[in-house]
Amino acid sequence: MMLAYRGSAMVPRVVRRSVGQWTAARALLSTNMNASDTPKVDSFDKISFIGCGKMAEAMIAPLIETGFQSAKDIAIYDVSKNAMDRFKEQYEDIQLCESIPDCVDGADLIVAAIKPQNCCKVFQEIRRAAEMPNITLRSNDAILLSIIAGKPMQDFLDGTPISKMARSMPNTPAQIGKGMTVWTCTPNIELKERDQIKHVLSCMGKSIFVDDESFIDMSTSISGSGPAYIFMLMEAMIDAGVHMGFSRNTATTLVHQTILGSTLYAMETGLHPAILRNSVTSPAGTTASAMYELENGKFRTVIKDAIWACYRRSLEMGGQDSNVGPGRITYNQPPAPMTVHYQGAFPPGLSREDMIRSGLSREDIIRSVIPAPSGEVTDEERNAANEKKKEK
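Next up, the structure:
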């Protein structure tokens with residue numbers, strides 16, 4: 152990756168564009184990033200988007216502008232008519248739908264781009280679509296792609312009649328084609344279909360496939376929420392520059408270019424960050440003084456604790472055990488294979504209705520019947536450990 156400068160070094164200025172301001176240059180950016188070394192992939196018969204927020208916009212625009220998917224083969228639904236109208240103004244042939252069943256009719260890729268709290272309503276509407284005689288829900292071969300944080304695939308498999316499921320975690324730079332998306336899918340999705348999904352997600356930037364769903368929650372804490380950490384660092388550096396006497400515009404340019412250049416330099420050299428940091432840090436110099444303050448303020452620990460906190464919250468949002476990370480009782484275990492991690496079945500003789508009547512969660516019922524896996528601390532062991540702490 153080489154950088155060219157014209158005149159004095161200037162940071163690229165990123166302007167938030169609406170759908171109506173989408174340009175061919177943005178489409179060309181996505182194409183150059185991903186398509187040059189990717190074989191031609193067939194488009195989907197119909198892609199349905201449930202939700203028309205920023206991430207849906209980040210996917211739809213490059214799909215159409217790069218020619219991968221025709222606008223007439225994309226259907227969108229959102230509770231906000233204004234949100235759908237924005238797309239219609241730019242893409243005349245795009246399908247605006249009045250309901251979720253109408254949107255998923257005949258679609259072989261359904262993208263769930265909604266808030267986690269709206270999932271139950273969407274699941275209900277998809278189930279209703281399967282029962283409507285005038286709607287064709289391709290439950291056997293349609294793929295449901297989620298870009299929702301914290302929602303495990305098993306929730307979608309239990310909540311809808313669709314058996315093919317893919318889960319992804321993009322981030323906000325996807326809106327300018329510079330995103331990082333981590334994704335996985337159920338084993339019944341064929342290689343050809345995986346290539347199609349990869350192409351759709353790569354339109355937003357770079358995509359990485361993982362074969363274990365637990366890595367999706369982990370990636371949420373690094374790449375998914377990571378931009379917020381960077382933005383806070385930028386904010387602090389800019390404010391410090393203003394405090395010293397720079398104008399805010401100048402301080403902003405200094406910080407933007409420093410972070411951009413440092414990132415590209417690290418990617419270009421491929422060296423470990425510690426080596427790069429040491430190359431900037433002279434003995435008894437200005438950088439060494441700054442590093443001392445950062446280390447004294449536990450900068451590394453705060454960053455790592457924030458990432459662990461984000462990871463635990465992602466697990467909690469998916470109804471999973473969040474007792475993980477440093478200082479926790481549960482022993483660290485490598486992620487289990489995806490087919491084992493989410494069984495979805497209840498112990499013999501117990502149904503979903505039994506669980507609802509009992510008032511317990513599926514995890515509580517399974518924990519009372521199935522012994523804890525090797526290396527996992529049981530409730531009894533955890534209580535005993537807590538009692539010992541109290542005695543001390």
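Just so you know, we're using our numbering here: the sequence shown kicks off at 152 and counts up by one. Each residue gets a CB set at the ideal place from its N, CA and C atoms; glycine is no exception.
The C-alpha of L422 lies about 15 angstroms from the C-alpha of G412. Straight-line measurement puts the Cα of Q241 at about 38 angstroms from the Cα of Y462. If you ignore the 5 residues before and after P312, its C-beta comes within less than 6 angstroms of the C-beta of A281, S290, all in its own chain and listed in chain order.
If you draw a straight line from the Cα of T404 to the Cα of S398, it is about 10 angstroms long. For the segment 399-486, the continuous alpha helix (DSSP H) assignments of 4+ residues that do not extend past its boundaries occur at 399-420, 424-431, 437-447, 450-468, in sequence order. Out of K343, P424, K349, the CA that lies nearest to the CA of R318 is found in K349. Between the C-alpha atoms of T371 and V475 there is a straight-line separation of about 15 angstroms. Under the DSSP definition of a beta bridge, C336 partners with A317. In the DSSP assignment, A263 is bridged to I201, S297. Taking 8 angstroms as the cut-off, the Cβ atoms of G356 and G375 do not count as close.
Check the Cα spacing between C271 and each of I251, A460, D259: the tightest is with I251. Under the three-state reduction of DSSP output, M283 falls in the coil class, being neither helix nor strand. In this structure, DSSP gives L247 an extended state, which the three-state scheme calls strand. The residue among M320, R237, Q275 with its C-alpha nearest the C-alpha of F307 is Q275.
The criterion of a C-beta distance shorter than 8 angstroms is satisfied by L296 and I261. Counting C-beta pairs closer than 8 angstroms gives fewer than three between the segment 385-394 and the segment 336-349, which falls short of the contact rule. A straight line joining the alpha-carbon of D236 with that of F382 spans about 31 angstroms. CA-to-CA, the gap between F195 and Q347 works out to about 8 angstroms. By the C-beta density criterion, S440 is exposed, having fewer than 16 other C-beta atoms within 10 angstroms. The continuous alpha helix (DSSP H) containing G377 extends over residues 377-395. For K315, the closest of N233, P321, H407, D292 by C-alpha to C-alpha distance is D292. With fewer than 16 neighbouring CB atoms inside 10 Å of its own CB, V453 falls in the exposed class. Listed in chain order, the beta strand (DSSP E) elements of length 3 or more contained wholly in the segment 345-380 are 356-360. By the neighbour-count criterion, in which a residue is buried when 16 or more other Cβ atoms sit within 10 angstroms of its Cβ, A435 is exposed. Approximately 14 angstroms separates the beta-carbon atoms of I286 and D259; this is outside 8 angstroms, ruling out the contact.
If you draw a 10 Å sphere on the C-beta of D229, you find 16 or more other C-beta atoms in it, and that means buried. A direct Cα-to-Cα measurement between L445 and G377 gives close to 19 angstroms. Around the beta carbon of K302, a 10 Å sphere encloses 16 or more other beta carbons of the protein chains shown; the residue is thus reported as buried. The Cβ atoms of A207 and A264 sit closer than 8 angstroms to each other. For A234, there is no enclosing beta strand (DSSP E); the residue is found in the alpha helix (DSSP H) stretching over 232-241.
In this structure, DSSP gives G257 a state outside helix and strand, which the three-state scheme calls coil. By the Cβ-count criterion, V351 is buried, with 16 or more other Cβ atoms from all chains shown falling within 10 Å of its own Cβ.
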